[in-house]
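For reference, the structure is listed below as structure tokens.
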Amino acid sequence: MLLKGNRFFSTGDLVAFAILAVLIFVILPVGLDTFRLNLFGKYLTYAFVAIGLVLCWGAGGILSLGQGVFFGLGGYCMAMFLKLEASSPEATKIQSTPGIPDFMDWNQITQIPLWWEPFHSLTFSLFAVILIPVAFAFIIGVAMFRRRVGGVYFAIITQAIAAILTILIIGQQGYTGGVNGITDLRTLKGWDIRTDDAKVLLYFVNGGLLFVCLFIAQLIRKSKLGRILIAMRDQEDRVRFSGYDVANFKIFVFCAGAAFAAVGGAMFTLQVGFMSPSFVGIVPSIEMVIFCAVGGRLSIIGAVYGALLVNLAKTTFSELFPELWLLGLGAVFIAVVLAFPNGLAGLYKDHVEPRLLVIFKRKAGDDSSTEDFDAIKTAAE
Amino acid sequence: MSDTPKKSIKTMEASRRSVLMGGTALAASLFAPKFLKAADYPTAAVNTTGLAVTDEDVTIGILHSITGTMAISETGSVQAEKLAIEQINAQGGILGRKIKYIQEDGASDWPTFAEKAKKLLVNDKVASVMGCWTSASRKAVLPVFEQYNGFLYYPTFYEGLEESPNVIYTGQEATQQIIAGLDWVAETKGAKSFYLLGSDYIWPRTSNKIARKHIEKLGLKVVGEEYYPLGHTQFNSVINKIRLKKPDVIYAIVVGGSNVAFYKQLKAAGIDMTKEKPVLLTISVTEDEIRGIGGENIEGAYACMKYFQSLDNPNNIAFVEEFKKMWGDDMVIGDVTQAAYLGPWLWKAAVEKAGSFDIDKVREASPGIELTTAPEGYVKVHKNHHLWSKTRVGHAKADGQYEVVFETAELVEPDPFPEGYQ
Numbered sequence: 000m001l002l003k004g005n006r007f008f009s010t011g012d013l014v015a016f017a018i019l020a021v022l023i024f025v026i027l028p029v030g031l032d033t034f035r036l037n038l039f040g041k042y043l044t045y046a047f048v049a050i051g052l053v054l055c056w057g058a059g060g061i062l063s064l065g066q067g068v069f070f071g072l073g074g075y076c077m078a079m080f081l082k083l084e085a086s087s088p089e090a091t092k093i094q095s096t097p098g099i100p101d102f103m104d105w106n107q108i109t110q111i112p113l114w115w116e117p118f119h120s121l122t123f124s125l126f127a128v129i130l131i132p133v134a135f136a137f138i139i140g141v142a143m144f145r146r147r148v149g150g151v152y153f154a155i156i157t158q159a160i161a162a163i164l165t166i167l168i169i170g171q172q173g174y175t176g177g178v179n180g181i182t183d184l185r186t187l188k189g190w191d192i193r194t195d196d197a198k199v200l201l202y203f204v205n206g207g208l209l210f211v212c213l214f215i216a217q218l219i220r221k222s223k224l225g226r227i228l229i230a231m232r233d234q235e236d237r238v239r240f241s242g243y244d245v246a247n248f249k250i251f252v253f254c255a256g257a258a259f260a261a262v263g264g265a266m267f268t269l270q271v272g273f274m275s276p277s278f279v280g281i282v283p284s285i286e287m288v289i290f291c292a293v294g295g296r297l298s299i300i301g302a303v304y305g306a307l308l309v310n311l312a313k314t315t316f317s318e319l320f321p322e323l324w325l326l327g328l329g330a331v332f333i334a335v336v337l338a339f340p341n342g343l344a345g346l347y348k349d350h351v352e353p354r355l356l357v358i359f360k361r362k363a364g365d366d367s368s369t370e371d372f373d374a375i376k377t378a379a380e
Numbered sequence: 000m001s002d003t004p005k006k007s008i009k010t011m012e013a014s015r016r017s018v019l020m021g022g023t024a025l026a027a028s029l030f031a032p033k034f035l036k037a038a039d040y041p042t043a044a045v046n047t048t049g050l051a052v053t054d055e056d057v058t059i060g061i062l063h064s065i066t067g068t069m070a071i072s073e074t075g076s077v078q079a080e081k082l083a084i085e086q087i088n089a090q091g092g093i094l095g096r097k098i099k100y101i102q103e104d105g106a107s108d109w110p111t112f113a114e115k116a117k118k119l120l121v122n123d124k125v126a127s128v129m130g131c132w133t134s135a136s137r138k139a140v141l142p143v144f145e146q147y148n149g150f151l152y153y154p155t156f157y158e159g160l161e162e163s164p165n166v167i168y169t170g171q172e173a174t175q176q177i178i179a180g181l182d183w184v185a186e187t188k189g190a191k192s193f194y195l196l197g198s199d200y201i202w203p204r205t206s207n208k209i210a211r212k213h214i215e216k217l218g219l220k221v222v223g224e225e226y227y228p229l230g231h232t233q234f235n236s237v238i239n240k241i242r243l244k245k246p247d248v249i250y251a252i253v254v255g256g257s258n259v260a261f262y263k264q265l266k267a268a269g270i271d272m273t274k275e276k277p278v279l280l281t282i283s284v285t286e287d288e289i290r291g292i293g294g295e296n297i298e299g300a301y302a303c304m305k306y307f308q309s310l311d312n313p314n315n316i317a318f319v320e321e322f323k324k325m326w327g328d329d330m331v332i333g334d335v336t337q338a339a340y341l342g343p344w345l346w347k348a349a350v351e352k353a354g355s356f357d358i359d360k361v362r363e364a365s366p367g368i369e370l371t372t373a374p375e376g377y378v379k380v381h382k383n384h385h386l387w388s389k390t391r392v393g394h395a396k397a398d399g400q401y402e403v404v405f406e407t408a409e410l411v412e413p414d415p416f417p418e419g420y421q
């Protein structure tokens, strides 16, 4: 039996993973033209952040309102590499100093700053995409969780960090591109990322990475570590009195969330062709929490759907009603939170999955699925 | 701000008719209709690249922020573009085809601009786009326009340093706005020392760089230069520094909401601009911004632009009247709004000159296009895709309007990459 459950994946999980895989790798690429597919690729980059939030917030009870920081850092690392490649002396000969990124030239900087130099190397940049955000998350985590800062205070501090980083990026425009961001990215090692073929390929790479992250997240959720996280969320003191070092677990899961967000940011840069501080600040960070809430903060798969649907709604509403779309979107959020406090995933678990499982049970005569379902239901409640 | 025409269908019809039949001699002379028939320009011949052109109509895009922080600035541009489209349609359209538009919301968010630009070009195959306002939004859409060979009319005065084959810049690049104004203030006000300040991003920084070079070329002195983040509202420390240094001119390039705080605090600190000690010269405050600042708070300041609502010429009188008829009597028209209004007209002229909607042919036809009907007066497209236009200085009055006190005798040549100012 293909969809038989094991320690990490219940039958229900496998069904949900399979449905998502079919949607991302078959239905969307077949059903959409390249332009729309590229848009979906962009939405999926937010799903990375949402998965990280499910781990931090849904499982660990750590609400971070600054995930945009990690998304942005990952995206900026990628963008710096691409920008250096796009700033060859031939391509920039119109500038007063050819061979440096255009925004540096506008800001009277005449040579590439030292800390930009390593980003000439793709290998370094790819490592930096993950390591810099994770190191940053680690510093924040150590500083906060060791001092037992949690809950609302942690949320406020992450928000402040998002604001600070935005101001820093905008203020240092000679080195960062300022409000405009780093734009006009062209090639990756000579491979033009702007063509339709490249967009399709990047979409699949993005989808593949998303599944890698989903599997890692699922392993974390279902391992002993995941159970400690949930215990910590519900009764932190008991976990501490049982002899666990709560801070370490929190730091770990916060870093994992940061790493996911960073991968999303880098894929965003590749697919959209630029990076700007408008992804780093408070508003996008809160938006990312909304994706997670709409999808269901307890479900990693739900988070992916949340990111997809909210962004699809944003695009569609704004195309149909350019003058009223924000109001419509706001109304949908309020409705979702009031009607389905566990998000779309809650809806699926309560109404769709039991029926699916009945079908599978009938076909396979598999007894374990009912237990799984009960377990899921209790977890969701 | 409402974006829907305020008048009823009935009056809209009436105004359309008055334009069509030349209801007033003024309208007739300004917008003399050229009756081109679509039949003389078969679609297959005027549209060889698959743009959204049919036998009856041609579709263009309007891409501005109508939500978010920039909406207050960009709404005027949207209104001006819609007015121009309506007037062109009333005259029979372009090559016998009515203009239809698809409006998209950039939502004050640069990535959204890029997404919507791509949608307009790839999905809707629009023949041109009127859009963008901030430099950041233009930079975000630029690669999209160049990749998919779209054609953008960009209305805002901006920092220059750009010359895209896919953009016509209907606003001024930095030198057109700065040099004549500085010459004027040095000559008529005898200014010797300048204090430069601005919001911290590319446009004010580049503009002040050009201003500083020019001031130094004139043999005068810059006694201070400072930048504040967008949205900054505490200007007391710089105001104290200004009082200490006693410059002859405060050269201010503060943008957006910060303006309100800046001018109010300046007035509260006892710097009365009507006394002109120091003279305040700005390139960032149009009539639109004065609505937020309050006319009494900025009375006496000078602004250097290419257009003021109070310009006294028949083109402008008709334009202001039509604009108010369409959007309401309480509207004010700033420099950028007028530049946005030029977009559809310049595109029409280029398409008719090319005899084709094909982007490449329109691009080729664009340099040299003249518009004698522009509210700012005569303008002409330079081969660098910017406009030749006059520089004017206005004196702010308490009622929120500017009184024009100076204009250059000749059109000023656009120079987006000014030698010696970089």
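So the protein sequences, as listed, match chains A and B.
Going by numbering that gives the first Met the number 0, the first residue of the first sequence is number 0, and it counts up by one from there.
Going by numbering that gives the first Met the number 0, the first residue of the second sequence is number 0, and it counts up by one from there.
Ideal placement from N, C-alpha and C gives every residue a C-beta, glycine not left out.
Treat the numbers as computed from the prediction; the structure is a model and nothing was measured.
Would you say residue i lies against chain B (beta-carbon separation less than 7 Å)?
i: Glu322(A); result: yes
i: Phe259(A); result: no
i: Phe34(A); result: yes
i: Trp105(A); result: yes
i: Arg193(A); result: yes
Mark residue i as exposed unless 16 or more other C-beta atoms lie within 10 angstroms of its C-beta, in which case mark it buried.
i: Lys382(B); result: exposed
i: Gly419(B); result: exposed
i: Ile26(A); result: exposed
i: Tyr347(A); result: buried
i: Thr232(B); result: exposed
i: Tyr401(B); result: buried
i: Ile333(A); result: exposed
i: Gln176(B); result: buried
i: Lys118(B); result: buried
i: Asp271(B); result: exposed
i: Ser216(B); result: In the sequence under discussion, the amino acid at residue 216(B) is Lys, which differs from the Ser named in the question. So Lys216(B) counts as exposed.
i: Tyr168(B); result: buried
i: Ala408(B); result: exposed
Return the chain-ordered list of same chain residues with a C-beta closer than 8 Å to the C-beta of residue i, the five sequence neighbours on each side being excluded.
i: Lys188(A); result: Glu84 and Leu121
i: Ile160(A); result: Gly65, Val68 and Ile139
i: Ser86(A); result: Gly98, Ile99, Pro100 and Asp101
i: Asp382(A); result: Outside the shown range of chain A (0 to 380) lies residue 382(A), about which nothing can therefore be said.
For chain A, is any of its Cβ atoms less than 7 Å away from the one on residue i?
i: Gln146(B); result: yes
i: Trp132(B); result: no
i: Ile36(B); result: It should be noted that the sequence gives Lys, not Ile, for residue 36(B). No, because no Cβ of chain A sits closer than 7 Å to the Cβ of Lys36(B).
i: Asp414(B); result: no
i: Leu160(B); result: yes
i: Gln102(B); result: yes
i: Ala135(B); result: yes
In its own chain, which residues sit with a C-beta less than 6 Å from the C-beta of residue i, not counting the 5 before and 5 after it?
i: Asp12(A); result: none
i: Ser298(A); result: Ala344
i: Thr182(A); result: Phe273
i: Ala258(A); result: Ile129 and Val133
Excluding sequence positions up to five away, which residues of its chain have a Cβ less than 7 Å from the Cβ of residue i?
i: Ile131(A); result: Leu72 and Cys76
i: Phe7(A); result: Gln217, Leu218 and Lys221
Requested in this report: Spell out a yes or no on whether the region 339-353 of chain B and the region 372-382 of chain B are touching, meaning 3 or more CB-CB pairs, one atom from each, closer than 8 Å.
Outcome: yes
Query raised in the report: In the region 310-336 of chain A, which residues sit with their C-beta less than 8 Å from some C-beta in chain B, listed in chain order?
Result: Thr314, Ser317, Glu318, Pro321, Glu322, Trp324 and Leu325
**Report entry** Residues in the region 187-211 of chain B having any Cβ partner in chain A nearer than 8 Å
**Finding:** Asp199, Tyr200, Ile201, Arg204, Thr205 and Lys208
Report task. Check each residue of the region 166-181 of chain B: if its Cβ is closer than 9 Å to any Cβ of chain A, include it; give the result in chain order. Result -> none
Query raised in the report: Okay, do the region 93-109 of chain B and the region 56-63 of chain B touch, 3+ Cβ pairs below 8 Å being the bar?
Result: yes
Query raised in the report: How do the region 271-283 of chain A and the region 3-23 of chain A stand: do at least 3 beta-carbon pairs fall below 8 Å, yes or no?
Result: no
Report task. Return the residues of the region 117-130 of chain B that lie within a Cβ-Cβ distance of less than 8 Å from chain A, sorted by chain order. Result -> Lys117, Lys118, Val121 and Asn122
Query raised in the report: What are the residues of the region 158-182 of chain A that lie near chain B, defined by any Cβ-Cβ distance shorter than 8 Å?
Result: Ile166, Ile169, Gly170, Gln172, Gly177, Val178, Asn179, Gly180 and Thr182
**Report entry** the region 82-97 of chain A in contact with the region 300-308 of chain A per 3-pair CB rule at 8 Å
**Finding:** no
Query raised in the report: Which of the residues in the region 42-73 of chain B, read from start to end, lie with their CB under 7 Å from any CB of chain A?
Result: Ile65 and Thr66
Requested in this report: Could you tell me whether the region 182-195 of chain B touches the region 276-286 of chain B, using the rule of 3 or more Cβ pairs below 8 Å?
Outcome: yes
Query raised in the report: At a cut of 8 Å, does the region 287-303 of chain B reach the region 385-399 of chain B through at least three beta carbon pairs?
Result: yes
Query raised in the report: Between the region 245-279 of chain A and chain B, which residues of the former have CB atoms less than 8 Å from a CB of the latter, in chain order?
Result: Val271, Gly272, Phe273, Ser275, Ser277 and Phe278
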